[in-house]
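Q: Here's a structure for you.
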Amino acid sequence: MEHIAALLLIIGCSGDLKQCSELPAPVTVYETSEECNTALPFALNDAQGERVRVFGTCVFVDPAMEEDDAELNWDITSDGKLVASVDFPDPVVTAATPPPQQASLQAK
């Protein structure tokens, strides 16, 4: 099984940054952060012209975590910076309330 250490994320936006979406990257997963950082400038160059503004980053992924549960979250800040992370949702904990105990009635 391949271990993923970094995701290459490319985001394209309108000029006013109000409409942004993910753009396809030639390769999206890398075994090392160094490999991703080396590929990033080439991927950004390839994406130029897709949208008015293009952003990209390599997002660290902890190889020990289960990728099935991971969520890629990203945002473009008001000052035009791409922030992204791979997050793992908290496990859902359900609690049950036991049924009220019934008093036993004994006839005397």
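Quick note: the sequence shown, position 57, residue 61 per my numbering, numbers continuous.
Glycine residues also receive a C-beta, built at the ideal position from the N, C-alpha and C atoms.
Measure from the alpha carbon of phenylalanine 46 to the alpha carbon of each residue in Thr61, Leu21, Arg55, then state which is nearest.
A: Your numbering for residue 46 matches position 42 in the sequence shown. When each option's Cα is compared against that of phenylalanine 46, the closest is Thr61.
Q: Enumerate in chain order the residues of its own chain whose CB-to-CB distance from serine 18 is below 8 Å, with the five nearest sequence positions on each side excluded.
A: As a first step, residue 18 must be located in the sequence shown, where it is residue number 14. Hits under 8 Å: Cys24, Arg55, Val56, Arg57.
Q: Rounded to whole angstroms, what's the CA-CA distance from aspartate 20 to lysine 85? Just pull it up for me.
A: In the sequence shown, the residue the question calls residue 20 occupies position 16. In the sequence shown, the residue the question calls residue 85 occupies position 81. If you take the alpha carbons of aspartate 20 and lysine 85, they lie about 13 Å apart.
Q: Please report the straight-line C-alpha distance between asparagine 49 and alanine 9, rounded to a whole angstrom.
A: The count along the sequence shown starts at 1 and reaches residue 49 at position 45. The count along the sequence shown starts at 1 and reaches residue 9 at position 5. One C-alpha to the other measures close to 23 Å.
Q: By a C-beta neighbour count over all protein chains shown, 10 Å radius and 16 as the cutoff for buried, is alanine 68 buried or exposed?
A: Along the sequence shown, read from residue 1 onward, the residue named residue 68 stands at position 64. So alanine 68 counts as exposed.
Q: Are the beta-carbon atoms belonging to threonine 32 and leucine 13 less than 9 Å from one another?
A: Taking the sequence shown and counting its residues from 1, the one referred to as residue 32 is at position 28. Taking the sequence shown and counting its residues from 1, the one referred to as residue 13 is at position 9. Cβ atoms of threonine 32 and leucine 13: closer than 9 Å.
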